[in-house]
Structures are given as C-alpha cells and as structure tokens.
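A short worksheet on the structure shown next.
Numbering (the working numbering), first residue to last: 1 to 414.
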C-alpha cells in the first residue's frame, strides 16, 4: 500500500511538471503579450545615381510674327512635327477689349478641347466614362483643398474633358461638330464686330514646333560636337539672348537633341561611345521623367572631370522646354524587396528578418542588394518556401527575445 502511495505521488508530480512545461512553452504567450512594430514587405526598384549638371542643345530657329500682335492662336501643340510652309498660328494685331479677349481665350480653349475629344480614336464605354468623371472630380477637389493652384487648373481641364467624353457618347459626334461650328462662328463674329482681321504665320522649314523661346536658340548642337571641360565651362556661362517682342516660338530641325554635362572621371571611365545611359529630369508639369540617351562623345579628363555629350532621340513637349538642368544620371537599377534597416538582424552570422506567421515568428535569411539611410533592398537567401522572404510578408521591427519558430502572442503597432 505504501509503495502504491509513493508511486501515485511521483506520478502526479511528474504530470504536474510536464503540464507546467507545456503550459509555459505554448500558453505563456497568452499571459504575457509583447508589443511589436511591423511593416509589410514591398517589391520595388531603387536607382543608384549621381547628379550631374549640363545644358540641352538643339539646332533651332526662332519664329517671328511680321508685326506686333494683340492675340495669337497656335494650330499645333508643342512637340508636334510640322511641314514646311504650314500655317502654324494665326494672330490679330488690332485692339480688342479685355472682355472680348477673355471670351476669345475661353472659346479657343473649348474648341481645342472638343476638337481633341472628337479626334480621339479611343472610345469608352459608359462605365469607364463615369469612372473618368468621378476620378477627375476627386483629383480637382484634392488639388483645391491642397491649394495647389497650378494643379487645380490642370485638373479642372481634365474634368471638362471627361464631361466632353460623356457628351460625345450620349449625343454623338455630329452634335459635337455642330457645337464646334457654333463656337467658330462666335469667334468670327467677335473679330468682325471689332473690325479686326487675323493673319496666318507659315513655317519657313519643317521640324518640331514649340511655342516658347528662352534666348539660347543661338547655341547650336552642331557647334559643340566634341566639347572639352573648358568648352563646357564657357558654354554654361553664355547668357541668354534678348527675346524680341514679336518672337512667337521656334522649330527644331531634327528628331534628336543633345545634353552636354560635366561627369566625374570615376564615373566617366565606365562610359564608352554608344553606351546607353538613362538620365532622369525633374520637370515641373509632370515630375521625374526618365530619358534614354546614348553617349556621343567623352572628353579627356581635367581635374578628375570629363565633359560628356549625351544624344537623346525622345522628343516631347515637356522635354522641349529643358535647357540648363541637373538631372540624375542612373548608374544602376536594383530590383528586390524593400525592408526597413531596423528590421535587419544578424543571427549566427546570417543576415535576415523576423516575419510574423500566425502565432509564430520565422527567421528568414536575406542578401542585401542596396542600402539607403532608412531602408534596404534585399532578396531571399534560401530556396525553402517556408523561409523564403516574399512581398506582403510582415517583418518585425524591434522586439525582444525573438527566435526562429517561437510561439508568441503580440499586439501590433504599425
């Protein structure tokens, strides 16, 4: 009997110890909750670049009106290719009241917008039209709330264009053409009532049209085919010419242009004639714009700097306005998974991140591709599906007592 009692005591003691072990191993997390910060892993690309300074050169001619004018209307959009002797604009030299000038401006904007609407080859279904109206109105309201007046003006035009698409869909192209004819008649009546007449301006040569002049048109890219460092410095110091009052625009003869810049010799040493290089220009109207160029010429190094001439075959209205600029020269583009530097850890000489997986945490090893001050671009360092870091994984930032496959209860502070 005594032996049986001792056996029972030992059995219950062992059971209690075993239960306590499993309790603290698997359920202690329900008692002790740890607060952790986390973030979602994103798939992205990062450019490694340097900033360079330079000047855009083209072979251009300035266009002039025959006489002073009061009002001008362009028949071509900026960047459009025009033929020789084509009428690129019409102007009026007589005095028109400010009220009628405002009305003419309004009418011409409507004419341009409606002509663009009816000239589009793409037609939208009713659902897409309504979605375009909704998104354009939201963008307009956001711009107005942020007091971004330049963006507000652009977004207002998009709202009107979206409603024009609805009008085209509901009323048909014949109705739009009748509206255009009515607007054109009103424009003609304004000129007739004031006794004024319009005159056409004709292009002296074929090329790409731009309605603005900056005074540097006298600098021809054909005059700077092999720039040196001293030549580059002189070029950057050349002043803009005085712009006559009757200048109305310009024509670029060729479909390409050049950008002459000063590049550190440590970077220029990796360049060669014909190499493709991406330059990223920050343009007010559209933001960062990447342009593919080719190296056209590399000068000798002077004081660890080289003059490099880039050739670009991309021609848009926005790029037409570039002159002196400091673009980013893209050295290399890295693609991978973006994680915070605070999420990276080294465990047993292996770099990785802790990832939340239900009530467990997993240590997923990674290889660092590129590092910034705040985050790193990484790629998985294992082929195991369980331990391969993926986009949309939730990595832990901070935290204490973390280990692979640990079961824990946590609350997140995103």
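Ideal placement from N, C-alpha and C gives every residue a C-beta, glycine not left out.
On a predicted model such as this, the values are computed, not experimentally measured, just so you know.
Discussion item. Rounding to the nearest angstrom, what Cα-Cα distance links residue 286 and residue 155 in this structure?
Written reply: 13 Å
Fill in: Whole runs of the alpha helix (DSSP H) within the stretch 133–211, excluding any shorter than 4 residues
149–171, 173–193
Item to complete: Measure the CB-CB distance between residue 279 and residue 263 and report whether it falls below 8 Å.
Response: no
Worksheet item: Looking at C-alpha atoms only, which residue of 110, 293, 243, 373 is the closest neighbour of residue 275?
Response: 293
Worksheet item: Which whole runs of the beta strand (DSSP E) in the stretch 250–331 are 3 residues long or more, in chain order?
Response: 257–264, 276–283, 287–298, 305–312
Worksheet entry | Proximity of residue 129 and residue 337 at Cβ, strictly below 8 Å | no
Practice prompt. Per DSSP, which residues does residue 218 bridge with? Please list them.
Written response: Bridge partners of residue 218: none, in fact.
Worksheet entry | Identity of the residue in 113, 201, 176, 202 nearest residue 159 by Cα | 113
Practice prompt. Going by CA-CA distance only, name the one from 109, 45, 59, 330 that's closest to residue 268.
Written response: 330
Worksheet item: Expressed to the nearest angstrom, what Euclidean distance is found between the alpha-carbon atoms of residue 209 and residue 39?
Response: 49 Å
Practice prompt. Would you tell me roughly how many angstroms separate the C-alpha atoms of residue 396 and residue 384, rounded to the nearest one?
Written response: 20 Å
Worksheet entry | Inter-residue Cα distance where the pair is residue 353 and residue 335 | 18 Å
Discussion item. For residue 199 and residue 70, I'd like the C-alpha separation in whole angstroms.
Written reply: 12 Å
Worksheet item: Are the Cβ atoms of residue 57 and residue 243 separated by less than 8 Å?
Response: no
Worksheet item: How should residue 227 be labelled, buried or exposed, when 16 other C-beta atoms within 10 angstroms of its C-beta is the threshold for buried?
Response: buried
Worksheet item: The beta strand (DSSP E) with residue 53 in it runs from where to where?
Response: 53–57
Worksheet item: Along the chain, where does the beta strand (DSSP E) that runs through residue 88 open and close?
Response: 87–92
Fill in: Alpha-carbon spacing of residue 152 relative to residue 133, whole angstroms
15 Å
Fill in: Coil, strand or helix - residue 98 by DSSP
helix
Worksheet item: Taking just the CA atoms, how far does residue 349 sit from residue 310?
Response: 45 Å
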